[in-house]
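Following UniProt numbering, the numbering of the sequence shown begins with 1 at its first residue and continues without gaps. Where is the CB? At the ideal position from N, CA and C, for every residue including glycine.
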Amino acid sequence: MDWAGIIQGILADQAQGIAVRTIAARFHESMAAGVVRVAEQAGCARVALSGGCFQNQQLTWRTVERLRAAGFQPCWHQRVPPNDGGIALGQAVAIRWGMSEAR
1 MDWAGIIQGI
11 LADQAQGIAV
21 RTIAARFHES
31 MAAGVVRVAE
41 QAGCARVALS
51 GGCFQNQQLT
61 WRTVERLRAA
71 GFQPCWHQRV
81 PPNDGGIALG
91 QAVAIRWGMS
101 EAR
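See below:
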């Protein structure tokens, strides 16, 4: 991700008096495009969207749309929160798997 470019774009938009709503939409588009670039570099067909940033529905849906348009299969949280709230469940599952493998 080109964080410097994204921040410079936000600051330039602010200086030009562009509406916050438009700046936010551009930010989400930049982030979604960045996720697609990373997926392309990784060469994976399936892409998991997780972490606190994907609590933002606008970011999640734009990213899902862009990934699908690029031929990827996006996966995202639908029942468990994508932030720290989902970590405990993941830890419990990992322990369960570990216990079953030890038997």
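- In this structure, DSSP gives A70 a state outside helix and strand, which the three-state scheme calls coil.
- The stretch 7-23 and the stretch 53-60 do not touch, with fewer than 3 CB-CB distances between them shorter than 8 Å.
- Considering only W3, A45, R96 and S30, the residue with the shortest C-alpha distance to R68 is A45.
- Secondary structure of V80 (DSSP, three-state): coil.
- Separation of the CB atoms of V38 and F72 is rounded to 11 Å, and the pair is thereby denied contact status at 8 Å.
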